[in-house]
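Chains as they are written, first to last, in the UniProt record's numbering: chain A, 1 to 435; chain B, 1 to 435; chain C, 1 to 435; chain D, 1 to 435.
Just below is one structure, and these are the notes that go with it.
Protein chains: 4
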Amino acid sequence: MADGLKVVVIGGGSSYTPELIEGFIRFHHELPVRELWLVDIEAGLHKLEIVGNLAKRMVERSGLPIEIHLTTDRRLAIKDADYVSTQMRVGMLEARGRDESIPLKYGVIGQETTGPGGMMKALRTIPVLLDICRDIEELAPNAWLLNFTNPAGIVTEAIHRHSNVRSVGLCNSPIGLRKWLTNAYEVESERIYTEFVGLNHLHWVTRIDIDGEPKLPQLLGDTEGFSAKNVPSKGWDPAFLRSLGALPSYYLKYFYMTDEMLKEQQESFAREGNRAAVVKRVEEELFKLYSDPDLSEKPKQLEQRGGAFYSEAAVNLMRSLHNGTNDIQTLNVANNGIFDFLPKEASIEVNCVVTKTGPLPLPLTNVPTHVKGLIHAVKTYEQLTIEAAVTGDRGIALQAMVHHPLVPNVDIAVKLLGEMLEANRDYLPQFFPQG
Amino acid sequence: MADGLKVVVIGGGSSYTPELIEGFIRFHHELPVRELWLVDIEAGLHKLEIVGNLAKRMVERSGLPIEIHLTTDRRLAIKDADYVSTQMRVGMLEARGRDESIPLKYGVIGQETTGPGGMMKALRTIPVLLDICRDIEELAPNAWLLNFTNPAGIVTEAIHRHSNVRSVGLCNSPIGLRKWLTNAYEVESERIYTEFVGLNHLHWVTRIDIDGEPKLPQLLGDTEGFSAKNVPSKGWDPAFLRSLGALPSYYLKYFYMTDEMLKEQQESFAREGNRAAVVKRVEEELFKLYSDPDLSEKPKQLEQRGGAFYSEAAVNLMRSLHNGTNDIQTLNVANNGIFDFLPKEASIEVNCVVTKTGPLPLPLTNVPTHVKGLIHAVKTYEQLTIEAAVTGDRGIALQAMVHHPLVPNVDIAVKLLGEMLEANRDYLPQFFPQG
Amino acid sequence: MADGLKVVVIGGGSSYTPELIEGFIRFHHELPVRELWLVDIEAGLHKLEIVGNLAKRMVERSGLPIEIHLTTDRRLAIKDADYVSTQMRVGMLEARGRDESIPLKYGVIGQETTGPGGMMKALRTIPVLLDICRDIEELAPNAWLLNFTNPAGIVTEAIHRHSNVRSVGLCNSPIGLRKWLTNAYEVESERIYTEFVGLNHLHWVTRIDIDGEPKLPQLLGDTEGFSAKNVPSKGWDPAFLRSLGALPSYYLKYFYMTDEMLKEQQESFAREGNRAAVVKRVEEELFKLYSDPDLSEKPKQLEQRGGAFYSEAAVNLMRSLHNGTNDIQTLNVANNGIFDFLPKEASIEVNCVVTKTGPLPLPLTNVPTHVKGLIHAVKTYEQLTIEAAVTGDRGIALQAMVHHPLVPNVDIAVKLLGEMLEANRDYLPQFFPQG
Amino acid sequence: MADGLKVVVIGGGSSYTPELIEGFIRFHHELPVRELWLVDIEAGLHKLEIVGNLAKRMVERSGLPIEIHLTTDRRLAIKDADYVSTQMRVGMLEARGRDESIPLKYGVIGQETTGPGGMMKALRTIPVLLDICRDIEELAPNAWLLNFTNPAGIVTEAIHRHSNVRSVGLCNSPIGLRKWLTNAYEVESERIYTEFVGLNHLHWVTRIDIDGEPKLPQLLGDTEGFSAKNVPSKGWDPAFLRSLGALPSYYLKYFYMTDEMLKEQQESFAREGNRAAVVKRVEEELFKLYSDPDLSEKPKQLEQRGGAFYSEAAVNLMRSLHNGTNDIQTLNVANNGIFDFLPKEASIEVNCVVTKTGPLPLPLTNVPTHVKGLIHAVKTYEQLTIEAAVTGDRGIALQAMVHHPLVPNVDIAVKLLGEMLEANRDYLPQFFPQG
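Below you can see the structure in the form of structure tokens.
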């Protein structure tokens, strides 16, 4: 660390990587990255090289002393790392496509992080990520693991429960809301205090203060302007929002406007296939751009890809951990009593002070009674999913799916689980042992 | 109390009352009732007289020194009472009919205790019951209130939260399971230990021991024999039951087999109207029987009415409170830490030791993770319902309905709430103040 | 178990054993003991034979089919046992003498269960008892361990934390209070409800109801009659008792009347040596009596020995576990949320319902604020003592002693710990490893 | 607030006030004080004028637009205030003298914040402070109350429990430790992270990181350099500190080194009277200095007075509340689950992030088991003291004193309480009602 940091990106061949590179360049004076290792699996080598070469051109142009390493040797990369970030997709976009399509056949929301789709993604991902943790425990025990891999909340809790790695889960959704507020109110972000209450992709904003003045009540009366790109943005019922007394995240539409969202998904699927197919086309275009040997900066088109603030979230967190800035970020951490109705180990998404020795969650000043049951119901599903992922127990997997609020009944759960496990057979060795 | 107890039955004109009388007669040596006051409202006076006269004939035949009083003067009845029991139906069977019918129009379960129907029943009942509590606080501060009025769990919690009356909620469902086990295994009931986990009409049995030997695993493999009269008894999915590791109560079919139950309700409604209409016909027949001046015992037909063990539950509880028998009964009491994820005041339905100074809940030895979220989700709805009943706040009522697991989305909740409140206008002065 | 139970008494050569035998004889119809194994160590063989032969004569006289086995082979005895009871004294009365004498030199209470003396007893005993647990886990995994060995609360918690054996801690003190009440009020014990709040040898009685009528307030005004034989009985300050609102156990005099108790101990020590010496003389006389081949019943003199109700406590508990009587007994069990300020694993002494599958602690209806701090302070010492006993860590032992409320300061703690550990060197291999 | 803040200092005639003035001048760019109201009682008017005139000269010299108001009209001062700070001494130094002297007669620590002395101070102060809160609730409901009045923890909890005023308790002790570390390690204070665990005047430092590197273990090996001016600084036992694993605050010497501290107090008392007498002489000299019309800055001698960092603590907190800086300060706030064994309302002294809408306590990363009991024991005393102060109930006051760890037994507690209440009769109307 004497002469700079070693940072590892697992899933380095992702189309998001140029975002990260841009961040590392911009904040190099505060986060002195010396080596950046982009790691991917054999099947992703081609993309890794394209995006890796773009990264090298970007660094070269910056004139900064950052070394870019491209490798499929994960252990070599992890050795003595200071920060490891993950942005993986086990099963790639094909698996995502199945996560999105199969539930629709049963009249169930098909989404890659919420509902049965997210559950499958968790079952595929957790064992792989715990393998990575084993490597970090051995080769870089002091490293911080920044987990962007979705479903980020579940995956982060799996790491807390089954590994000693120091780990934080990240999502760009809170940062997105703050950006939106910054623009809408034309203030610097330090003047805004937003309180996030809940879990990853299941949070409510229960306080928005600007210069200490509460702005949420007014905002709940005018919801027109609020939307986001990668999630449908149908309007909320105003009477509902007012009595809710909180701003629900985009993902809560799956729970509160289930029928509308399902209909929209079904229409969209009929029109252009699942979202995975759309993303695939976007990615192909991005990689075409990245391949241009004259390109040495992040192309504008990447921003439309949806993960706008991932880079900012990651670089912010590393910077604050590195410098002990004690600033407030919204992160996925262990509950430890913040919600008195959830287990201590439950991952939650709340405001944290980022100290040098890790994020400390801030107590919540307003947890509406209304939302406690839903938080607990989803957390129950999440815990069961983690247990199923680790044990390969079909009974537990069934209980997870039955008790997910978006799965309408046991009968559908049984059938849906059967088909989805089968469809993911190649990525679920814990459920389909060899021999 | 020196020469016997004063017992008051609010809603004494109910068709169930002969059950109670029979119990008081049978256990008079242990529960020396001196005066039994049957109270009803003006509109129920005719039925009160029919059932009251039957009661008098039953007592006369027994030769016991029990005085039967019939009155519409509630305060006179309550004065210095030892036990007050309630079995009311605010709005009578007509209101129940609406509770059952209106949700069906929106594709939502229509049931008098679970879901939007139960919510309306709670909104109608809580203010009336709290009025009764005011009378008890003033006129019989040491009395025990035994609440059979449904939704018993919600109503009991409302009393705990908004009154100082010593109160317990009762349901015949746990006693029914124990009866079933007693028959099925041919043992005396003392040799059976069953652990109930959950809320009223939302419980799971997580332990059944006979002579200390665990019998539940075997029972979960053979669910054929298990059913009940007043709730549809479609079979459970065996794989689901096995991994659940607990026996769900009949009412959980509304949550776990929602589509099947809805379909059954819709078919039944098309065939013979709502359940309220069926019950009405049965009641009319019962009262015809009760009017027979030669009848001086509980007629057999009453048992088919559905509330088989209400009498037993009520007399058992009074008997144990009176004698301090320290036996174990399954009751609705304040949580006080039994479930570490629910508020202290939450009413829960669990095993209690009935001491002379009240029931003490026993710690639970097995609370499956699977069911915590659902318990919390329903308790959230219950708390909001109580708050709405007491305040008449439509926003809170909307949140209650939105967050009920059986209500599919905000849009339906808004419409359903609007129609149901309107349909109950006469019984909801808190929502429709005069002026 | 088909033809009766196998019961093992570790420390069977104790002078208390005839009490137990008498109990097994009296309640044989409810607790069908087939084999009773009295186990002791080589050094206690002589006493074991004396008391064992008396036991045989007592059984013979009763005509019951109970086999008495005397052995030093613990594993042979434990094999397939149904109940194991322990009443050990590691280091025998000589060690007790040191536990009582050394603290007095430093102006600190010298007592065999409370304070530094009790700590030393715990350090000597816990490893031995955990060895016994290893045997039970292996040879009789379904057996219940009834632990009478003092300090019973600490030792029971050590077993809960470091073994899987099903275990309960017992003390005769609560049964003694109930006996006293039974006599004083001339009622049967079923008509009395007493609520015990606290830890072993550190409890308060916060409710005494007779026939449901509260009797405690009156009793707190008249404390003359209340005393016990084996603990000094100086009177409590009446104003203190009234505002305490609870009856403190005898052992609380060490905390509330420290100076008086210390002075009394010092005077008694000057007069007749430590209590161990007194007990030794009593025991010698008892064993002389026991040796009489014509004696075939429990001699009256045993009752003056002090452990009056041990037998009753043990037989009661075995009987209720065996028959699942669901009666209420005051036992040492894991906290599990009964005290919301103590860890779940903390052993506490409270009322329990004894079900066939073990005791379930009843919730407390009245925990005075005043006593929470003292309970927590003593529990802190207990936890540290267990940790020190298991690890042999002197630093933890020092923290335990420093934080005991009866140890006045760090300086004394350092010196006292040093001298007491050294004096117990032969029985503390964890602190004085060989080599 | 548009053109600056209104700040009120209750007890403005204190000798500490020039410290505050200096702070307001130095940080005026960040904390734009427009009006500063120094309030005192009639009996303190002379001192108020002396210190107030010095304040005016200091402001004049600074050239800043701060108006100084001197008044005995508390309500006029509080009207529309932004910040109210209190630094009162009900009964003045004479009462402190008694707090310090009387316990010594009984062989008990005599100290103005810890033990029976602190208890009396709390009984005198709480009713007065709650009166001030009534004024703030009425006249300046949005004001923040910064409470420096000792015993700050108890007083702050009394305000939380019995008033709606937004209030924080402050102490200069944590800031003192950080200053000491800053000097000792020659680093800027932002590079230091210290975790404070406990209550006001009863805290342990369980983490000291400099640049993220743990420094505490090393510090616990070398305790020579650590001392403070206004509390005796006898050395800690090194073996004790090492196994404690935490740095105890100065005030913990009263608990851990009771005999030594008592002896020192007794010797000091014999030599120069109680500490109150010493302080009185220092104050007289200070006021002589303050009276010099040529003095227009804080005199050096004030620093020796002992309250070195009070000003810094107060100005820091106002500044952070005003600007929402989200920095970390060690403050007295409501527990709200930070310690899972204390009530939610308990005041605790821990690190907080100071947001614009108030301080949010940070979760603790290391709470040693050893100290939980002592924290709970002292908090028990504190709660009882608050209850006694509000009700004037002697029985509760007796329980408070009996259960204070520094009071050796009930007998002394009874006598000490009697004498101390009597000695404070003029300031305890709740215990000595007129008539």
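For glycine and all other residues, C-beta sits at the position ideal for the given N, C-alpha and C.
DSSP beta-bridge partners for residue 144(D)?
83(D), 166(D)
Can you tell me whether residue 6(A) is helix, strand or coil according to DSSP?
strand
Residue(s) in a DSSP beta bridge with residue 199(C)
In the DSSP assignment, residue 199(C) is bridged to 202(C).
Mind checking residue 281(A): buried by the 16 CB within 10 Å criterion, or exposed?
exposed
Of all the residues that make up the stretch 353-382 of chain C, which are near chain F by a beta-carbon distance shorter than 7 Å?
This model lacks chain F altogether, as its protein chains are A, B, C and D.
Assuming contact is defined by CB atoms lying nearer than 7 Å, are residue 276(C) and residue 97(C) in contact in what I supplied?
yes
is_contact[residue 193(B), chain C] using C-beta, thresh 7 Å
yes
Residue 434(A) burial status per 10 Å Cβ neighbour count (16 or more: buried):
Sixteen is the threshold: since fewer than 16 other Cβ atoms of the shown chains lie within 10 Å of the Cβ of residue 434(A), the residue is exposed.
Taking a contact to mean a Cβ-Cβ separation below 7 Å, would you say residue 203(A) touches residue 349(A) in this structure?
yes
Determine whether the beta carbon atoms of residue 58(A) and residue 149(A) lie at a separation below 7 Å.
no
Alpha carbon to alpha carbon, how far is residue 329(D) from residue 317(D)?
8 Å
Kindly indicate which three-state DSSP category residue 39(C) falls into: helix, strand or coil?
DSSP, reduced to helix, strand and coil, places residue 39(C) within a strand of the structure shown.
Leaving out the 5 sequence neighbours to the left and right, which residues in its chain are closer than 7 Å to residue 394(C) when beta-carbon positions are compared?
Excluding positions up to five away in sequence, the list reads 431.
Report the start-end ranges of each alpha helix (DSSP H) in the stretch 229-317 of chain B that is 4 residues or longer and not cut off at the edges.
238-244, 253-256, 258-272, 275-290
If you measure between the beta carbons of residue 347(A) and residue 332(A), is that distance less than 7 Å?
yes
Are at least three pairs of beta-carbons, each pair with one atom in the stretch 67-87 of chain D and one in the stretch 33-53 of chain D, less than 8 Å apart?
yes
Ignore the nearest five residues each way along the sequence and tell me which others in residue 206(D)'s own chain have a CB closer than 6 Å to its CB.
Counting only Cβ-Cβ distances below 6 Å, and skipping sequence neighbours, we find 195, 197, 246, 366.
For my contact list, residue 370(A) and residue 244(A) are in at a C-beta cut-off of 8 Å; report their separation, rounded to the angstrom.
At roughly 6 Å, the Cβ-Cβ gap stays under 8 Å, so residue 370(A) and residue 244(A) are in contact.
How would you call residue 6(B), buried or exposed, if buried means at least 16 neighbouring beta carbons within 10 angstroms?
buried
Inter-residue spacing [alpha-carbon to alpha-carbon] between residue 427(D) and residue 386(D):
16 Å
So, residue 379(C) versus residue 342(C), is the Cβ gap smaller than 7 Å?
yes
Stretch-stretch touch, CB-based, cutoff 8 Å, three pairs: the stretch 352-363 of chain B with the stretch 350-365 of chain C:
yes
Contact set for residue 419(A): own chain, Cβ-Cβ below 7 Å, skip 5 residues either direction:
102
Can you confirm whether residue 395(D), when its beta carbon is compared against all beta carbons of chain C, has any partner nearer than 7 Å?
yes
Compare the C-beta of residue 408(C) against all C-beta atoms of chain D and say whether one is closer than 7 Å.
yes
First through last residue of the alpha helix (DSSP H) which encompasses residue 347(B):
That residue, residue 347(B), is in no alpha helix (DSSP H); its beta strand (DSSP E) goes 347-355.
Helix, strand or coil: which one does DSSP assign to residue 369(A)?
helix
Determine the burial state of residue 141(C): buried for a count of at least 16 other Cβ atoms within 10 Å of its Cβ, exposed for fewer.
exposed
Whole runs of the alpha helix (DSSP H) within the stretch 399-423 of chain C, excluding any shorter than 4 residues
If we require 4 residues or more, the alpha helix (DSSP H) runs fully inside the stretch 399-423 of chain C come out as 410-423.
Going by Cα to Cα distance, which pick from 259(C), 80(C), 13(C) is closest to residue 412(D)?
Taking the Cα of residue 412(D) as reference, the smallest distance to any Cα among 259(C), 80(C), 13(C) is reached at 259(C).
So, do the stretch 75-91 of chain C and the stretch 6-22 of chain C have three or more beta carbon pairs nearer to each other than 8 Å?
yes
Whose CA, out of 64(C), 42(C), 271(C), lies closest to the CA of residue 24(C)?
64(C)
I think residue 99(D) touches residue 110(D), with their Cβ atoms under 8 Å apart; what is that distance to the nearest whole Å?
7 Å
Going along chain A in order, which residues have a C-beta closer than 9 Å to the C-beta of residue 324(D)?
In chain order, 190, 191, 193, 209, 211, 212 make up the part of chain A whose C-beta sits under 9 Å from the C-beta of residue 324(D).
Cutoff 7 Å; reference residue 510(B); Cβ partners in own chain excluding five residues on either side
The requested residue 510(B) does not occur in the structure, where chain B is confined to residues 1 to 435.
In the DSSP assignment, the beta strand (DSSP E) including residue 71(C) goes from what residue to what residue?
Unbroken beta strand (DSSP E) run through residue 71(C): 67-71.
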